[in-house]
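Before any comments, here is the structure.
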Amino acid sequence: MSARKVLALLSGSGLGAWAVPQAAYARYPWEFPTPVTPIAKETLWVHNIFLGFISIVFVVVLSVMLYSLFFHRKSRGVKPANFTAPRTKLQFALSIIPFLILAFVDYVVMGIPAYHAVLASANTRSGAKMVVKVTGMQWKWQYQYPGLHIKYYSTISTPQAQIHDLARKNPHFLRQVNHPLVLPVNEKIRVILMSKDVIHSWWVPAFGVKEDSIPGFLRETWLKIDKPGVYRGQCAELCGVGHAFMPVVVDAVSDDQFKQWVGQEQARERAQKAEEAAATSVTYTEAQLVARGQKVFTGNCAACHQPSGMGIPGTFPPISAGHPFSAAPAMIAKLRSRGFITPAGRIVEGPVANHIGIVLDGIAGTPMPAFGSSLSNLDIASVITFERNSFGNHTGDVIQPAQVQAARAAAQKP
Amino acid sequence: MNAAHAHDAHHDEHPRGISRWLFTTNHKDIGRLYIGFSVIMFLVGGVLAMLIRTELLRPTLMIPPEIYNQIITVHGLVMVFAAVMPATTGLANYLIPMMIGAPDMALPRLNNWGFWLLPPAALLLVMPFFLMLFGIGNGAIDTGWTMYAPLSVQGGMGVDFAIFAIYLMAMSSLLSSINVIVTIFNMRAPGMSMMKMPVFVWSWLITAFLLIAVFPPLVAGVTMLFADRHFGTHFFNAAGGGDPVLWEHLFWFFGHPEVYILLLPTAGILPHILSTFSRKPIYGYKAQVYSFWAIGALSVVVWAHHMFTSGMPVGAQLYFMYSTMAISIPVAILFFCWFATIWQGSMTFETPMLFALGYIVLFGVGGLTGLVLSDAVADQQYHNSYFLVAHFHYALFGGPVMGIIAATYYYLPKITGRMFNETVGKWHFWQTMVGFNLTFIPQFFLGIAGMPRRIPDYALQFAHLNMLSSIGAYILGSAQLLLVYNLIQVMRGVGKKATAQVWEGARGLEFTVPSPPPYHTFETQPVVQ
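Chains A and B, in that order, are what the protein sequence lines are. First residue of the first sequence? That's 6 in my numbering, and the numbers climb one at a time after it. First residue of the second sequence? That's 69 in my numbering, and the numbers climb one at a time after it.
Laid out in structure tokens, this is it:
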């Protein structure tokens, strides 16, 4: 093997990636993330005491064992003792000491700080200035500021090309999103967690917070971030194929910046609403819709249907027509009734009305979620136009936002 | 003795070929079947582990996420249910009658059934992989071995296969547990009171009670899951009045004691090995037996420490934290007794002894890090991170698997009548220790740095430690081939003939019969002084 090949192999096998994280983090990768909330500081403290304690126990006990292994061996001509229990009252008393120490450490050294931390961590309400609602769903987060009328989705923004090693990886590979959660520093924020589908878990190591988001129930936790910065984490409960691809990014900013951001965000949402309202009376060209639809597809559909539009055999159907697809009979029946699969099991471009219906309402009983509440008429029209004119599909159908609006209106009627 | 054997000679007749194994009711045959099955499944689970570490070698996707999720799930289920549990059950079947001076297990036909339920169960677990290759279904169960609802309600037909595998394995475990309890209570040799039983027999008695106590809730849970999946019930669906957290409770009510079900039999075999190779009687027999009882009792009341991030009320968090800490005391007593057993002994370091000492070191790390995990709030940092993965591998590989390997080497000459290759055994040990620690020490740091488990691809700051871990895994995985080599060699009859006592310091009734033991032993029960 030539030196060049070896070099290529090494760089390909991740050693070459050494330089990237070093530059990006300038810290050793094994360091505990710097804590920036009261809970994280408390748990780091307990963590350090405890790791210290168990390290001492381990070293002491291992030394005793090594001493025994070295001195009490047959090759040194040792005659074995034959005791089977403490022989004197003194020995009995001495042999109890390690357990008393252990109990003391369990319930006093560790138990008391842990008691305090449990109570502190459960106190989500007193003094909370702000509430943020976090909703987990396959595979993104929705952030909602109830008092401020701000609501948006936060999805991974790492391009598929980087995931598949076709492009150089960004330093924040897999931990970057299109729209981070923005929070003010030095204010107590109550975080309410919910889920739309399965159990997720919202985790930012620097906050010392990991709380499950459970469908049908509310869970809560709190934060008080004391240092501005961008904090990164990710979902910590297996939630399906996209589990590794739903990062949590929090942008902690000063109070002024936060107010400014709120203003911008509200303006953006107003503009978006206005655009959406106007969209139904505008006729877009196919090129406009396809361009916008590609972005919507990448952000919302590609995790399952894949950037290639080929889906995942047996699980997620392809978007590309003409390809075979087999899955559970229930799913096939639902695709067939909507006209998207032939009896021979090939995907076809079904009727436009059904296509709009699937994107708006999802397909109950399958992993296909409803996008009606998260995507605008324009987005839905764009993504359907894109799907019907890409991946080898050339239906030429152009779907206008007005059609989506009409479908919504029809669904509203009893 | 000779006259007795001549008289019994016709009992040694048994069918030849496959029907010997299919229809056997002999505890030694069934014990060997269990151990052989376990070795095969250990290799299957090991190959899956190698695939996991290959995917994690560097931050990129080689195995698609949906396949990766199936691999991690089946790795967990196979290792717990099809590798470790059958191994300890096999040891129980082979050893308990000989250790208590009984001719066989109390319920031999049930024993046969108990074993033959397992191969179909294992087949159900791995078959969906192959069905997928032929275009049927979307592969094996992909929810993680914890099968959290509603993800498991959403899953493909692999989940149904796993549910039925669990039915079969639960049935098998219940049958063998009943058998163990009945045998121990009724078939001890005259003079062997409960408090004279070997420690291993005691540890299995408690394990058997635990199995009977905790498998039914799991079976109820998977039945509810099956009903949710197919019959429109809503046990775990909040929209229908159910609760996803109910599944977590049912699962962990089984899942936590399961840890001790895996651990206790090997904690029971350990003192025998330590005592043999330090030529000194077991220290603190009573203390160990009482600790087993304490561990067994505590293990069924601490389950929700697996759920500290699920949003429990303050009272529950405190209760599960403090009760978990209590387990550290009886476990520490066991460690104390192990050290006192070798203290001032006259030690030699044959392969079984090396693995027993390795057990103490590795399981020690697993136990100590478990203590850290019991802190309800700090657990938010560790939960579902690689710290947890490293912890439970230290606890489950460091404990049960090391213990089973130690017991295998310890009894291999007894079972086969041949001594294994000691040099290969020592290489196996050292390579296992190096590989294991290189695999899992980096994972502690990965967890502390914030890497969650069950992800096929990860952020760049985790790259170096993952690569180290994968290299360690390859060393660890290839080391196990040395065990396979040794097993094949002794089965082929290669190696020095073993004596009845096998090891210089070995004691116990099983070392009074020849190696290999005749087909039937102790038809006339020995009298224990």
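Here a beta-carbon is modelled for each residue, glycine too, at the ideal position from N, C-alpha and C. Everything numeric in this text was worked out from a predicted model, so none of it was measured.
Q: Might you give, ordered along the chain, the residues of its own chain that have their beta carbon closer than 8 Å to the beta carbon of ALA475 of chain B, omitting 5 neighbours on each side?
A: LEU159, THR334, ILE337, ILE341 and PRO420
Q.
Spatial neighbours of PRO520 of chain B within its chain, please: C-beta separation below 7 Å, excluding the five flanking residues on both sides.
A. ASN452 and SER453
Q) Can you give the Cα-Cα distance for ILE204 of chain A and LEU243 of chain A, rounded to whole angstroms? A) 8 Å
Q: Write down every uninterrupted run of the beta strand (DSSP E) in the region 570-597 of chain B whose length is 3 residues or greater and which is fully enclosed by it, in chain order.
A: none
Q: Return the first residue and the last residue of the beta strand (DSSP E) that TYR150 of chain A is part of.
A: 145-150
Q | Partner residues on chain A for TYR353 of chain B, Cβ-Cβ distance less than 7 Å | A | Near TYR353 of chain B (Cβ distances below 7 Å), the residues of chain A are THR89.
Q: With a cut-off of 8 Å on the beta carbons, I'd call VAL254 of chain A and LEU186 of chain A a contact; round off their distance for me.
A: 7 Å
Q: Evaluate PHE253 of chain B with the Cβ neighbour count: other Cβ atoms within 10 Å of its Cβ, from every protein chain shown; 16 or more gives buried, anything less gives exposed.
A: exposed
Q. How would you call ARG347 of chain B, buried or exposed, if buried means at least 16 neighbouring beta carbons within 10 angstroms?
A. buried
Q: Please confirm if THR320 of chain A has its CB atom under 8 Å from at least one CB of chain B.
A: yes
Q. So, does the CB of LYS145 of chain A fall closer than 8 Å to a CB anywhere in chain B?
A. no
Q: Please list, in chain order, all residues of the same chain as PRO34 of chain A whose beta carbon is under 6 Å from its beta carbon, the five residues on each side excluded.
A: For PRO34 of chain A, the pLDDT reaches just 48, beneath the cut-off of 50, and the residue's location in the model is therefore unreliable, leaving the point undetermined.
(Q) Distance cutoff 8 Å, beta carbons only. Does ARG78 of chain A sit that close to anything in chain D? (A) Protein chains in the displayed structure are A and B, and chain D is not among them.
Q.
Whole angstroms are fine: how far does the CA of ILE197 of chain A sit from the CA of GLY141 of chain A?
A. 11 Å
Q) Does the Cβ-Cβ distance between MET389 of chain B and SER442 of chain B come in under 8 Å? A) yes
Q: Examine chain A for any beta-carbon lying closer than 8 Å to the beta-carbon of ASP525 of chain B, and answer yes or no.
A: Yes, ASP525 of chain B counts as interfacial toward chain A.
**Q.** Beta carbon proximity, LEU107 of chain A to chain B, threshold 8 Å
**A.** yes
Q.
Under DSSP, the alpha helix (DSSP H) around ALA541 of chain B begins and ends at which residues?
A. Element bounds for ALA541 of chain B: 531-559.
(Q) Please report the distance separating the alpha-carbon of MET239 of chain B from that of VAL258 of chain A. (A) 58 Å
Q) CA-CA distance, VAL148 of chain B and GLN557 of chain B? A) 27 Å
Q. What residues from chain B crowd round TYR112 of chain A, counting only those whose CB sits closer than 8 Å?
A. Those within 8 Å of TYR112 of chain A in chain B are TYR390 and MET393.
(Q) Please tell me whether HIS77 of chain A and TRP411 of chain B are closer than 8 Å, where the distance is taken between their beta carbons. (A) yes
Q: Would you decide whether TRP144 of chain A is buried or exposed? Buried here means 16 or more other CB atoms lie within 10 Å of its CB.
A: buried
Q: Taking only heavy atoms of the ligand MG into account, decide whether any of them is closer than 7 Å to the Cβ of VAL227 of chain B.
A: Because no ligand of any kind appears in the structure shown, any question about the ligand MG cannot be addressed here.
Q: May I ask you to verify whether the region 266-280 of chain B touches the region 198-208 of chain B, counting CB pairs closer than 8 Å and requiring at least 3?
A: no
Q. What alpha helix (DSSP H) runs, 4 residues minimum, are completely inside the region 194-260 of chain B?
A. 219-222 and 225-254
Q) So, LEU273 of chain B versus VAL248 of chain B, is the Cβ gap smaller than 8 Å? A) yes
Q. Cα-Cα, which of A:LEU74, A:THR303, A:VAL246 and A:LEU228 is closest to GLU392 of chain A?
A. A:THR303
**Q.** 8 Å Cβ cutoff met for ALA288 of chain B and LEU318 of chain B
**A.** A distance below 8 Å separates the beta carbons of ALA288 of chain B and LEU318 of chain B.
**Q.** the region 92-105 of chain B touching the region 133-148 of chain B, judged by at least three CB pairs closer than 8 Å
**A.** no
**Q.** Chain-ordered neighbours of PHE407 of chain B on chain A, where CB pairs are closer than 8 Å
**A.** VAL66, VAL69, MET70 and SER73
Q | Delimiting residues of the beta strand (DSSP E) encompassing HIS205 of chain A | A | 205-209 is the span of the beta strand (DSSP E), which, as asked, contains HIS205 of chain A.
Q.
Just to confirm my understanding: we take ALA332 of chain A, look at its own chain, exclude 5 residues before and 5 after, and list those with CB closer than 6 Å. What are they?
A. Hits under 6 Å: GLY319.
**Q.** Assumed close pair VAL364 of chain A, ILE404 of chain A - CB separation to whole angstroms, cut-off 8 Å
**A.** VAL364 of chain A to ILE404 of chain A, Cβ: 10 Å. No contact.
Q: Would you please verify whether the beta carbon of ALA28 of chain A is less than 8 Å from any beta carbon of chain B?
A: Summary for ALA28 of chain A: the model assigns pLDDT 35, below 50, so the residue's position carries little reliability; its value from the coordinates is reported in the next sentence. No, its Cβ sits nowhere closer than 8 Å to a Cβ of chain B.
Q: Under 8 Å by Cβ, that's how I've got GLY438 of chain B and HIS461 of chain B pegged, so tell me the actual separation to the nearest angstrom.
A: GLY438 of chain B to HIS461 of chain B, Cβ: 12 Å. No contact.
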